[in-house]
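One structure below.
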Amino acid sequence: MRIAVIGAGGIGAIYGASLARAGAEVIFVARGAHLEAIRERGLKIEGDRGEILVSPAQAT
Numbered sequence: 250m251r252i253a254v255i256g257a258g259g260i261g262a263i264y265g266a267s268l269a270r271a272g273a274e275v276i277f278v279a280r281g282a283h284l285e286a287i288r289e290r291g292l293k294i295e296g297d298r299g300e301i302l303v304s305p306a307q308a309t
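So the sequence shown is numbered by the working numbering: it starts at 250 and just counts up by one.
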């Protein structure tokens, strides 16, 4: 499944990372410094249930 997350802020990043961990192909849409950070370092979500790392993340 291919999914685009429009707005990879706090909520979009959590949903997108969770979908990517479940096996979906996720493309994150962001802008500015946030876009560059996602392209360079991917996404790392830390929470009570552990850590999700999406690296390298596709972003546009």
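Virtual Cβ for every residue (Gly too), placed ideally from N, Cα, C.
Exposed unless 16 or more other CB atoms sit within 10 angstroms - verdict on residue i
i	result
I287	buried
A308	buried
Expected contact under 8 Å - CB spacing of residue i and residue j to nearest Å
i	j	result
I294	V275	That belief does not hold up - the Cβ atoms of I294 and V275 are roughly 12 Å apart, past 8 Å.
H283	A266	Wrong, their Cβ atoms sit about 14 Å apart, outside the cutoff.
C-alpha distance - residue i paired with residue j, whole-angstrom precision
i	j	result
I255	D297	25 Å
K290	M250	First, the residue type needs correcting, since residue 290 is Arg and not Lys in the sequence shown. For R290 and M250, the distance between alpha carbons rounds to 23 Å.
R270	L292	12 Å
I260	G272	19 Å
DSSP beta-bridge partners of residue i
i	result
A253	I276
I294	I301
A308	F277
Contacting residues, own chain, Cβ-Cβ under 7 Å from residue i (five flanking each side not counted)
i	result
I314	Limits of the chain in this structure are 250 at one end and 309 at the other, which puts residue 314 out of reach.
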